[in-house]
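Taken in sequence, the protein lines are chains A and B.
When we follow the working numbering, the leftmost residue of the first sequence carries the number 1, and every step to the right adds one.
When we follow the working numbering, the leftmost residue of the second sequence carries the number 1001, and every step to the right adds one.
Glycine residues also receive a C-beta, built at the ideal position from the N, C-alpha and C atoms.
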Amino acid sequence: MLAADLAALRAGLRVGMPVTKAQALVPGLIVQDADPLADAEGLERLALWALQRISPIVAADPPDGLVIDTTGADHLHGGEAAMLTGMVQRFAASGVEARAAIADSWGAAHACARFSRRLTLIIPPGESETALCDLPIAALRLDPGLVASLRTLGFERIGELVSQPRAPLALRFGPEIGRRLDQAMAIMAEPIDPIRAPDIVEVRRAFPEPIGAAETIARYVGKLVMALCEELERRGLGARRLDLLFQRVDNARQALRVGTALPVRDVRRLTRLLCDQIETVDPGFGIEVMTLAATLAEPLFAKQTISSLVEEPEADVSDLVDTLANRVGERSLYRFAPVASDVPERSVARVPALAPEDGSTWHGDWPRPPRLLPRPELIETMALLPDHPPVWFTWRGIRRRVRRADGPERLFEEWWKRDAELTAVRDYFRVEDDGGERYWIFRAGDGEDPETGSHRWYLHGLFG
Amino acid sequence: MPNPVVSSIAELRERVQRLEGAKGRARTVLPFGLPEVDSRLPGGGLALGCLHEVAGGGNGAVDGAAAALFAAGVAARTRGKVLWCVTRQDLFAPALAQAGLLPGRVIFVEAGDEKALLACMEEGLRHGGLGAVVAEVARLSMTASRRLQLAAEGSGTIGIAVRRWRRPTEVADFGQPTASVTRWRVSVLPSAPLPVPGVGRSRWLLELIRCRAGESADFEVEACDATGRIALPSEVADGSPQTEIGRRRASA
């Protein structure tokens, strides 16, 4: 047996078991021949998917893993933790059970992803060694024979191996163990050779003399973008995601990634987006090769704009949206769109900044407060039931007398969403205190039937 | 024969304007449509291509509700998309729509910190294709505001800094000088009295605290209507209350 998923492990099957034994344990077991070639192809496909979605430097880590350099890519996905969980969830949605870890080095991340108990794990910078010490030596990417002989000598954990003097180990087993340990501890560099899609639009420039100054890099970025745009134009494509890879003289790779909301083939815009991020690149001793690739490209055709002599067309802001999205992340740039829901916090949805507009808006004449509290806050009140506004209320320790009030505006919660909302009702009031400050408060429940809510009062928003 | 004093004042004005560097471009304004307010502002309205500051008074300095509505009302009367930069999002979009700023027009940016927020605002002001750029910001240094003012002058987009602080004790920061052209404070007042129980149209005390080439003033106004226009309460506005009510109905 070569592989076992969670269901197989629960049934008592283990990797390395003879097929006959497995068949004896689980009657009616379906056995499929291993197809390493197809596995490798599948892994390659996954790597391409990750390249387009997650980060510019991605490689397959056969037989069963992907290695991704996420430096400078995590903020576009809302931080490292959000990126990992999102990745694992998306894999799970497509039926792949994945585990992920982020660490300082390829070796440490490889070990933590495979041998830790948790689905996602983030090792803070500089703590790889403590995290690795408790893991078995099989996590070091050593030859199985080597692992077996180390076991014979009594080594079980990586920590025990680290504390041993290197020389006797090297004398007996060769340099492999020292190399793998150094790679895992990020003492020895281990560059990732990134995967490239076959039909990707890519331009490359090698420098006889390594370059390092920001202005020089910017100049060559301009030239590369020009070449890329010519190629894109020939194919009728526009770039949605651009990766700029720098290969340094010390064989380390750095990458920049920019995205656009709509396909773009404008040299000036793309150069601007890339040049905005040059300061994040560390040229080290110099850059030898620069590669610019349109990782994600979509068809872009010339289109005729309707010109009207009377009305000025509305200015195009998609370039501004791209600049800002690459700076603060795509998720931090949005518009609000109306949702047909009476519950105030559900009546707005965030849509991408350049989503098509339909001119719709919220219906109803009841005034709405410009500031909505993240969740309604409990207030103390004195009010006549069932349908009078409070005489006074206390919010955040300050008691306010209600001078004027409007309401109730009765909102029924959405019975089709949750059982708890089957009969729930909110009665909203707009109240004004002595000083003229206006608040949006509601009572959970209709004031008569305890089924409809707790009859406690909450403050939900602030009017101007 | 022209009065020598008048002509020398006109000449001085011209020189000051040259020194201020309007760069030969006629400065356009966005009038409020209220003669009482517009006459206090140089050029007869809020200058486009300039930075303006708005803060709330009292508790409004922290919640910034009235200030946001005032800014929305100004932004609603411009043409083109509006960029609204925040660090923490607690705006309720239906209220902006009720002030005339439809959801399709507003692009929100949620920046991680104030530095990134100011950079986003400057980027928006430099772009030139936007109608207005609004940012909710607590600290605004002289340097930062001058950058924003220059960016706005270059493109002609109106920039509104809604000053909003985390704690009431930080409000003293509003006294610090900035390069903005006008500075407003919007405080809530009891709403318009109605003949029946209920809350009438909101009223604000609109204080023009600072105004370049103008004098400060304060007005009692009624809050933005569905097209983003503020109004004067009927007992202040010209004419009898009766005609005022008729006019309001016609505009509703």
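- Taking a C-beta cut-off of 7 Å against chain B, the contacting residues of the segment 352-363 of chain A are A353, E357, G359, T361, W362, listed in chain order.
- Counting only runs of 3+ residues, the beta strand (DSSP E) found wholly inside the segment 239-297 of chain A occupies 253-264, in chain order.
- When only Cα atoms are considered, A1116 of chain B and S1202 of chain B end up about 34 Å apart.
- For V1006 of chain B, the uninterrupted alpha helix (DSSP H) segment begins and ends at 1004-1020.
- Segment contact: the segment 1035-1050 of chain B against the segment 1092-1106 of chain B, fewer than three CB-CB distances shorter than 8 Å; contact not assigned.
- In this structure, DSSP gives P389 of chain A a state outside helix and strand, which the three-state scheme calls coil.
- A direct Cα-Cα distance of roughly 18 Å separates L76 of chain A from P263 of chain A.
- By alpha-carbon distance to D406 of chain A, the top candidate from A:R400, A:I398, A:F412, A:Y428 is A:Y428.
- The Cβ atoms of A73 of chain A and A60 of chain A lie no closer than 7 Å to each other.
- The beta carbon of L181 of chain A does not come within 7 Å of any beta carbon belonging to chain B, so the residue lies off that interface.
- The beta carbon of P36 of chain A is closer than 7 Å to none in its chain, skipping five residues each way along the sequence.
- Residue nearest to R396 of chain A within the set A:L378, A:L51, A:M290 is A:L378 (criterion: CA-CA distance).
- Within the DSSP bridge table, the entry for G1228 of chain B names no partner.
- Listed along the chain, the chain A residues whose CB falls inside 7 Å of the CB of E1123 of chain B are L320, T323, L324.
- Look at the segment 1202-1215 of chain B: the residues with a C-beta under 8 Å from a C-beta of chain A are S1202, R1203, W1204.
- For K1115 of chain B, no chain A residue has a C-beta closer than 9 Å to its own C-beta; the minimum C-beta separation is roughly 11 Å.
- Per the Cβ contact rule, the segment 1097-1107 of chain B is in contact with the segment 330-338 of chain A (3 or more Cβ pairs under 8 Å).
- For T120 of chain A, the enclosing beta strand (DSSP E) has its first and last residue at 120-122.
- Taking 7 Å as the cut-off, the Cβ atoms of R403 of chain A and G461 of chain A do not count as close.
- According to the DSSP secondary-structure assignment, T381 of chain A is paired through a beta bridge with A:F393.
- In this structure, the beta-carbon distance from L1189 of chain B to G464 of chain A does not fall below 7 Å.
- When C-beta atoms of the segment 354-374 of chain A are compared with those of the segment 275-286 of chain A, fewer than three pairs fall below 8 Å, so the two segments do not count as touching.
- Assigned with DSSP and collapsed to three states, E1036 of chain B falls in helix.
- When the Cα atoms are used, I1160 of chain B and V1082 of chain B turn out to be separated by approximately 11 Å.
- Apart from the 5 residues on each side of it in sequence, L132 of chain A sits with its Cβ closer than 7 Å to the Cβ of A108, A111, I158, A184 in its chain, given in chain order.
- A straight line joining the alpha-carbon of I1209 of chain B with that of E314 of chain A spans about 34 Å.
- In terms of Cα proximity to L1205 of chain B, the closest of B:V1074, B:R1185, B:V1162, B:V1109 is B:R1185.
- Contact between V203 of chain A and L232 of chain A fails: their C-beta atoms lie close to 10 Å from each other, not under 8 Å.
- Chain A has a Cβ within less than 7 Å of the Cβ of P1190 of chain B.
- Residue pairing for F1108 of chain B: DSSP places it in a beta bridge opposite A:Y334, B:W1084.
- Taking the CA atoms as reference points, A138 of chain A sits about 25 Å from E41 of chain A.
- Taking a Cβ-Cβ cut-off of 7 Å, Y458 of chain A has no neighbours in chain B, whose nearest Cβ is about 15 Å from it.
- If you look at P408 of chain A, you'll find it in the beta strand (DSSP E) that goes 398-412.
- The criterion of a C-beta distance shorter than 7 Å is not satisfied by C1050 of chain B and C1085 of chain B.
- Classified as exposed, R1088 of chain B has fewer than 16 neighbouring CB atoms from the shown chains inside 10 Å of its CB.
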